[in-house]
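For reference, the structure is listed below as structure tokens.
Dropping the structure here:
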């Protein structure tokens, strides 16, 4: 009966998640795709036009590794079925992302039940949070990889910590396929792979004795995991070697991204407020209303770093350089900036940390009140749950490690609103751990002990009490005269 109820509950949860996402797509559907597909759409169109995996990057049009291959290929498939750059293709991808978003909700439940098997309520609460979380509901409308990265990352962690899959070769193969796919979606999440491998090697040990778990079989599973991951990404690595004349790990844009977040005018992201907004923000008009206008403009009016520092003459220095070389050149400039201005870099890192955990002031979407309220609720409950679940660190440490590594990386390099989405489900698990005890306490009815006549030996008349019926248990053993 419990199994049947669980299945029914999961079906209802999935139905709610799907309905919310499809409803959002219907409400926000648009016929304009050119501003929504970004480089992914350009690459997809070039693929269908026979130009290969090409785009314009740093002033040069050609074969590229600026983007990982998964999403441009997904868009190309949609374009081939419904028309290039058409509203039907956009709608098809968004509806597919509704399915992926619903899958993410179920994956969160699975992961939570794997790390907290004795507390199924925590899994239900985490799943509900993932189903209704405004950012996750809204992100199905965006043609970005964040949703898919969140789904595959959550599935990967669920597999490696699952008692059913963790100690099997099938689990190692499945985890390797997921990790390879994750790299083809968002290679920065390679940070999660060492954690996953360590979990598979150490296994689960509630008593803390991991030495009994470190065996040759465990090492073999890790080897299978690594080999499967390499096999999945190897074709793309070979393609990059043939295209660029050197080995490039999935994407060639790390140096470029590091430069965007660390230069003389950077705010730690790829955007900066417009000069008018900056002028008002400095309070030149000396009024509070001026400051308010400044904050509004800083959130809603911004320019990309490239438009300020590179276009149009800045691309001249890239003449004759391959795409990886152009990216490395920008990365070297960023390192020079860091070495010359260490205090400024430290300030940017702290600012990025704030942007990552709270709000990116350079992104217009971060000004939405619902987004901000949801972020605050997520962060506060996650921190409380993190503190409350410290006794379960042996089960939860993989979630701690992955979240910390991704956070530190983006604080050091560059940040954007979408970068936090893949690890937000991990915070939902901690938040559910904090809320679950309150829910149990509210549902628990107060139990008042009731004594029948003669059940107390210290009563005045012993077991021959003259009064019939129940009597409330007295807190004191003092005899009644």
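Numbering (the numbering used here), first residue to last: 286 to 766.
Every residue, glycine too, gets a C-beta built ideally from N, C-alpha and C.
According to DSSP, is residue 648 part of a helix, a strand, or is it coil?
Residue state, collapsed to three classes: coil.
Of the residues 380, 401, 642, 409, the one placed nearest residue 709, counting alpha carbons only
642
For residue 703, count neighbouring C-beta atoms within 10 Å of its own C-beta (all shown protein chains included) and say buried if the count is 16 or more, exposed if not.
It is buried - the Cβ of residue 703 has at least 16 other Cβ atoms within 10 Å.
Between residue 428 and chain B, is the shortest Cβ-Cβ distance under 9 angstroms, so that the two count as touching?
Here chain B cannot be found, since the structure has a single protein chain.
Residue range of the unbroken beta strand (DSSP E) whose run includes residue 557
556–558
May I have the straight-line CA-CA distance separating residue 697 from residue 331, to the nearest angstrom?
34 angstroms
Any chance you could list the alpha helix (DSSP H) runs of at least 4 consecutive residues sitting entirely within the segment 456–481, in chain order?
Annotation note: the segment 456–481 contains no uninterrupted alpha helix (DSSP H) run of length 4 or greater.
Measure the beta-carbon distance from residue 521 to residue 357 and round it to whole angstroms, keeping in mind my assumption that it falls under 8 angstroms.
Between the beta-carbon of residue 521 and that of residue 357 there is about 12 angstroms, and that puts the pair past the 8 angstroms contact cut.
CB contact flag (residue 432, residue 386, <9 angstroms)
yes
C-alpha gap between residue 468 and residue 603, whole angstroms:
28 angstroms
Residue 342 - containing beta strand (DSSP E), residue span:
339–342
Nearest-angstrom Cα distance between residue 309 and residue 423?
Their backbone Cα atoms lie some 7 angstroms apart in a straight line.
Per DSSP, what kind of secondary structure is residue 331 in: helix, strand or coil?
Helix, per DSSP.
Spell out the partners DSSP gives residue 348 in its beta bridges.
339
Beta-carbon proximity of residue 656 to residue 420, cut-off 9 angstroms
yes
For residue 534 and residue 352, what's the separation of their Cα atoms in angstroms?
11 angstroms
Could you give the distance in angstroms between the alpha-carbon of residue 600 and the alpha-carbon of residue 684?
Cα to Cα, residue 600 sits roughly 42 angstroms from residue 684.
Mapping the DSSP letters down to three states, classify residue 589 as helix, strand or coil.
Per DSSP, reduced to three states, the secondary structure at residue 589 is strand.
Take the Cβ of residue 290 as the centre, count every other Cβ of all protein chains shown within 10 Å, and call the residue buried at 16 or more, exposed below.
exposed
Under the three-state reduction of DSSP, which class applies to residue 256: helix, strand or coil?
The requested residue 256 does not occur in the structure, where the chain is confined to residues 286 to 766.
Pair within 9 angstroms by beta-carbon distance, residue 476 and residue 687
yes
With respect to the alpha helix (DSSP H) encompassing residue 596, which residues constitute its N-terminal and C-terminal limits?
Element bounds for residue 596: n/a, residue is neither H nor E.
Am I right that residue 615 and residue 544 are in contact with their C-beta atoms under 8 angstroms? What's the rounded C-beta distance?
Indeed, because the Cβ distance is near 4 angstroms, the residues count as touching under 8 angstroms.
Roughly how many angstroms lie between the CA atoms of residue 674 and residue 546, to the nearest whole one?
34 angstroms
Let me make sure I understand the geometry here. Which of 442, 632, 300, 640 has the alpha-carbon closest to that of residue 664?
640
Short Cβ contact (9 angstroms threshold) for residue 417 with residue 301:
The answer is yes: Cβ separation under 9 angstroms.
Exposure label - residue 624; buried when at least 16 CB within 10 Å:
exposed
Through-space distance from residue 629 to residue 532, alpha-carbon basis:
33 angstroms
Looking at the structure shown, is residue 547 part of a helix, part of a strand, or coil, going by DSSP?
In the displayed model, residue 547 falls within coil according to three-state DSSP, outside both helix and strand.
Rounded straight-line distance, which links the Cα of residue 587 to that of residue 228
Residue 228 lies beyond the residue range present for the chain, which begins at 286 and ends at 766; the question has no answer from this structure.
Would a C-beta distance cut-off of 9 angstroms place residue 338 and residue 608 closer than the cut-off?
no
Leaving out five residues on either side along the sequence, give the residues of the same chain with a beta carbon under 7 angstroms from the beta carbon of residue 444.
450, 456, 459, 460, 463
If you run the structure through DSSP and keep just helix, strand and coil, what is residue 324?
Residue 324 falls in the helix class under three-state DSSP.
Between which residues of its own chain and residue 516 is the CB-CB distance below 8 angstroms, once the five residues before and five after are set aside?
461, 465
Are there 16 or more other CB atoms within 10 angstroms of the CB of residue 565, so buried, or fewer, so exposed?
With a pLDDT of 37 at residue 565, under the threshold of 50, the modelled position of that residue is not reliable, and no figure is offered here.
Considering only the beta carbon of each residue, do residue 621 and residue 552 sit closer than 9 angstroms?
Taking 9 angstroms as the Cβ cut-off, residue 621 and residue 552 do not qualify as a contacting pair.
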